[in-house]
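Protein sequences appear in the order of chains G and X. Oh and the first sequence: position 100 is 94 in the numbering used here, straight run, nothing missing. With positions in the second sequence counted from 1, the corresponding number in the numbering used here is that position plus 11. For each residue, glycine too, the CB sits at the ideal point set by N, CA and C. All values reported here derive from a predicted model rather than from experimental measurement.
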Amino acid sequence: MPLNRSVESHHFEAMGTSCSVFAVDQSRTRLLEGEFWVRRLGARLTRFSADSELSKLNAAAGSWMYVSEELESMLQTSLNAFEMSGGLVNVAVLSSMVAIGYARPLTEGPLALALDDARPLPSLPEVLSVRSGAARLERGAGIDLGGIAKGWMADRLCTILGPNSLANLGGDLRASGPGPNGSGWPVGVANATLMLRDQGAATSSVRRRRWAKVHHIIDPRSGLPADSGLQEVSVVANTGYEAEVIAKTALLLGPDFAPAYCASHALAWWLSE
Amino acid sequence: MRSFAIKTGATLLTIGATMLSAVFVTSHLKNPSAPLQPPVLSGGQTASAGGVTIGPSVHSSDVQPVTSTYAS
């Protein structure tokens, strides 16, 4: 593809995954600023560090806690995702993550399974309250922001990188502006290349992060790893966050309902059984 | 006399409010040709490339992608 304008790119590891950023007519310094932003925010949102802002919120369940603007926005976004998905995208999933042994980074190895402890997830609005500058979890509830955080961050990162940029955080991506030659950013979705312009894309899959016959995509209706009949879903939507929500919802809906759901919510989609 | 004036005024006020409401409602009829929300794509509006179903606001290309969406 002939690139008519200068594209700067930068790749790094953060949040336990591979990240890539691209921008047209921007300095490398701008891309490094984007990396630092990802690292700073990722450190505050991880559930694997007791000192992170998210871990402190989980530990403070039962009482109100002051939260940053970013975490407040992400929690509001999570509530919106719950509504948007009919309850299938539910960040109050921490207890199930612990039950499947995913209580620490998989690079350190999973812990023992305790699937008998898994329960259907609570309705998110019933256990999470958010107001300006503060949030409260009900006792016994815990949050893992998971892919919601990556989609949300990809959307915001593009505003840092510039008006013509692309941010890919572990497969959750946002493409802003007309791209290198004015026809959009060429992005691989399954076996196709799609030209994205002010759009996002995401993939949800049960093929990755698997161990001991379990995986990390939890069905909130059971609290156990999903078994919908779909293995992987890729989606293009208006934002990275929306793509993440639609992809995970479709994956949980399964092959009978996912096509119609994607047809009414996604801009492009790929389903794999 | 004062009671009659109050009743008359209240009646006129009610009739006036009803008429104004009717005018407002008839001038703000829902547009029957408005697009469905959320938009529902018909079969004829989608294309396919490499097994990916593509709506009208996305275009496929044969150029090399700069990056991809994937599961992580």
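Does chain X have any CB closer than 8 Å to the CB of residue i?
{"i": "G/Phe251", "result": "no"}
{"i": "G/Val83", "result": "no"}
{"i": "G/Met189", "result": "yes"}
{"i": "G/Phe16", "result": "yes"}
{"i": "G/Ser57", "result": "no"}
{"i": "G/Asn162", "result": "yes"}
{"i": "G/Ser159", "result": "no"}
{"i": "G/Arg133", "result": "no"}
{"i": "G/Arg268", "result": "The question about residue 268 of chain G has no answer, for chain G in this structure spans -5 to 267."}
{"i": "G/Leu48", "result": "no"}
{"i": "G/Gly182", "result": "yes"}
{"i": "G/Phe220", "result": "Checking the sequence shown, residue 220 of chain G turns out to be Ala, not Phe. Closer than 8 Å: no."}
{"i": "G/Ser198", "result": "yes"}
{"i": "G/Ser228", "result": "yes"}
{"i": "G/Trp146", "result": "no"}
{"i": "G/Ala195", "result": "yes"}
{"i": "G/Trp205", "result": "no"}
{"i": "G/Leu261", "result": "yes"}
{"i": "G/Trp31", "result": "no"}
{"i": "G/Ala40", "result": "The question names Ala, but residue 40 of chain G in the sequence shown is Thr. Not one chain X Cβ lies under 8 Å of G/Thr40."}
{"i": "G/Gly165", "result": "yes"}
{"i": "G/Thr11", "result": "yes"}
{"i": "G/Ala106", "result": "no"}
{"i": "G/Asn185", "result": "yes"}
{"i": "G/Gly103", "result": "no"}
{"i": "G/Arg98", "result": "no"}
{"i": "G/Arg202", "result": "yes"}
Roughly how far, in whole angstroms, is the beta-carbon of residue i from the beta-carbon of residue j, given that I think they are within contact range, below 8 Å?
{"i": "G/Asn162", "j": "G/Ala148", "result": "7 Å"}
{"i": "G/Ile137", "j": "G/Thr71", "result": "With 8 Å as the limit, G/Ile137 and G/Thr71 do not qualify as a contact, their Cβ atoms being about 12 Å apart."}
{"i": "G/Ser12", "j": "G/His4", "result": "12 Å between Cβ atoms; not a contact."}
{"i": "X/Pro76", "j": "G/Gly182", "result": "4 Å"}
{"i": "G/Ala310", "j": "G/Val229", "result": "Residue 310 of chain G lies beyond the stretch modelled for chain G, which goes from -5 to 267, so this question has no answer here."}
{"i": "G/Ala75", "j": "G/Glu132", "result": "Wrong, their Cβ atoms sit about 19 Å apart, outside the cutoff."}
{"i": "G/Leu48", "j": "G/Leu65", "result": "7 Å"}
{"i": "G/Ala129", "j": "G/Leu69", "result": "5 Å"}
{"i": "G/Glu226", "j": "G/Arg201", "result": "6 Å"}
{"i": "G/Arg191", "j": "G/Gly178", "result": "4 Å"}
{"i": "G/Ala17", "j": "G/Leu155", "result": "5 Å"}
Are any of the Cβ atoms in chain G nearer than 8 Å to that of residue i?
{"i": "X/Val36", "result": "no"}
{"i": "X/Ser72", "result": "yes"}
{"i": "X/Ser68", "result": "yes"}
{"i": "X/Ala28", "result": "no"}
{"i": "X/Ile65", "result": "yes"}
{"i": "X/Ala33", "result": "no"}
{"i": "X/Ser14", "result": "no"}
{"i": "X/Gly61", "result": "yes"}
{"i": "X/Ala82", "result": "yes"}
{"i": "X/Thr78", "result": "yes"}
Tell me, which residues are paired with residue i by DSSP?
{"i": "G/Leu272", "result": "There is no way to answer for residue 272 of chain G, as the model of chain G reaches only from -5 to 267."}
{"i": "G/Ile240", "result": "None, per the DSSP bridge assignment."}
{"i": "G/Val18", "result": "G/Val1"}
{"i": "X/Ser14", "result": "Bridge partners of X/Ser14: none, in fact."}
{"i": "G/Tyr60", "result": "G/Ala128"}
{"i": "G/Ser13", "result": "Contrary to the premise, residue 13 of chain G reads as Cys rather than Ser in this sequence. DSSP, once it has assigned bridges, lists G/Phe6 and G/Leu163 as partnering G/Cys13."}
{"i": "G/Val229", "result": "G/Ala196 and G/Trp263"}
{"i": "G/Trp205", "result": "G/Val208"}
{"i": "G/Val181", "result": "G/Leu188 and X/Thr78"}
Any idea what DSSP makes of residue i, helix, strand or coil?
{"i": "X/Thr29", "result": "helix"}
{"i": "G/Gln193", "result": "strand"}
{"i": "G/Phe251", "result": "coil"}
{"i": "X/Ile65", "result": "strand"}
{"i": "G/Arg98", "result": "coil"}
{"i": "X/Ser71", "result": "strand"}
{"i": "G/Arg41", "result": "coil"}
{"i": "G/Ala257", "result": "helix"}
{"i": "X/Ser83", "result": "coil"}
{"i": "X/Ser59", "result": "strand"}
{"i": "G/Ser170", "result": "strand"}
{"i": "G/Leu89", "result": "One point to set straight first is that residue 89 of chain G is Ser, not Leu, in the sequence displayed. The answer is helix: DSSP assigns G/Ser89 an H, G or I state."}
{"i": "G/Ser46", "result": "coil"}
{"i": "G/Ala83", "result": "Per the sequence shown, residue 83 of chain G should be read as Val rather than Ala. G/Val83 falls in the coil class under three-state DSSP."}
Are there any heavy atoms of the ligand MG lying less than 7 Å away from the beta-carbon of residue i, as far as the coordinates show?
{"i": "G/Asp110", "result": "Absent from the structure shown: the ligand MG. Ligands present: none."}
Run through the stretch 116 to 140 of chain G for me and flag every whole alpha helix (DSSP H) of 4 or more residues, listed as ranges in chain order. 118 to 121
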